[in-house]
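In the working numbering, the protein residues as written are 37 to 300.
The beta carbon of each residue, even a glycine, is placed where N, CA and C say it ideally should be.
Bear in mind that the values here come from a model prediction, so they are computed numbers and not experimental data.
What follows is the structure, given as structure tokens:
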């Protein structure tokens with residue numbers, strides 16, 4: 037099977053799913069079609085990634101390949117969440133971004149950057165880091181959608197798309213559930229890094245560690261503020277996005293500078 041063909045079809049399926057979510061012709065039929073396209077896109081994305089791993093005898097941990105992998109995991113987690121939670125509308129933001137990351141990985145091949153993993157400790161650290169980033173990515177998208185919903189509800193009347201969304205209280209509850217799950221895995225990632233990585237403060241890891249700790253403090257503070265002081269609305273949105281920005285810099289800041297800008 038041609039990896040380029042798999043990736044191209046996956047990109048089209050991601051974009052088609054997002055369009056069907058934005059402009060439903062019939063609610064039930066559109067929902068089923070959008071989800072079918074999204075599941076097909078993720079399946080093709082997984083197949084594309086697996087085929088490259090097989091052909092190259094390992095995963096290429098370059099900037100765009102890693103971004104494509106994480107966006108694929110985020111899309112999969114979102115689809116699993118849709119089975120029990122009303123978060124389908126997040127696909128409007130997520131699926132086009134995932135398509136973009138896959139397109140960049142496909143059309144801008146990079147120098148191979150392998151990563152040797154020899155023990156379960158390193159596996160635990162990397163897997164928990166990816167899951168934490170993916171969950172908090174979804175939380176950031178949820179915060180953006182919550183902001184848009186809050187702004188639109190102030191208009192008279194709000195748009196039909198906003199009226200079809202769950203109530204603000206339910207949206208906020210979902211946001212904090214996602215943050216709680218993401219913070220759990222981020223805690224595992226940080227703890228395993230401190231325990232198992234010998235050179236945690238060397239080889240470009242200092243800023244990653246610092247920024248990840250800052251993100252952990254922000255998300256932890258947000259959950260404490262929610263439970264003790266009832267933080268919600270703009271406060272929750274602002275701190276969620278700020279925490280994710282620190283996490284985004286921690287995960288991709290050095291990769292972007294070293295690999296894409298400096299070509300090292």
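>> So for residue 99, helix, strand or coil by DSSP?
In response: Taken through DSSP and simplified to helix, strand or coil, residue 99 comes out as helix.
> With residue 165 and residue 225 assumed to form a contact (beta carbons below 8 Å), what rounded beta-carbon distance in angstroms separates them?
Replying inline: Contact flag correct, Cβ pair sits at about 4 Å.
>> Here's a check: name, in chain order, each residue in its chain whose Cβ is nearer than 6 Å to the Cβ of residue 42, leaving out the five neighbours to either side.
In response: Hits under 6 Å: 80, 83, 84.
> Buried or exposed: residue 52, going by 16 or more other Cβ atoms within 10 Å of its Cβ?
Replying inline: With 16 or more other Cβ atoms within 10 Å, it is buried.
> What number of angstroms, rounded off, separates the C-alpha of residue 126 from the C-alpha of residue 255?
Replying inline: Distance between the alpha carbons of residue 126 and residue 255: 20 Å.
> Can you name, in chain order, every residue of its own chain whose Cβ lies under 6 Å from the Cβ of residue 129, other than the five neighbours on each side?
Replying inline: The beta carbon of residue 129 sits closer than 6 Å to those of 177, all from its chain and outside the five residues before and after it, given in chain order.
> Measuring from the CB of residue 115, is there a heavy atom of the ligand NAP at a distance below 7 Å?
Replying inline: Annotation note on the ligand NAP: not contained in the displayed structure, which lists no ligands.
> With 16 as the cutoff for other CB atoms within 10 Å, does residue 212 come out buried or exposed?
Replying inline: Buried, by the Cβ-count rule.
> Rounded to the nearest angstrom, how far is the Cβ of residue 131 from that of residue 74, given a contact under 8 Å?
Replying inline: About 6 Å separates the Cβ atoms of residue 131 and residue 74, confirming a contact at the 8 Å cut-off.
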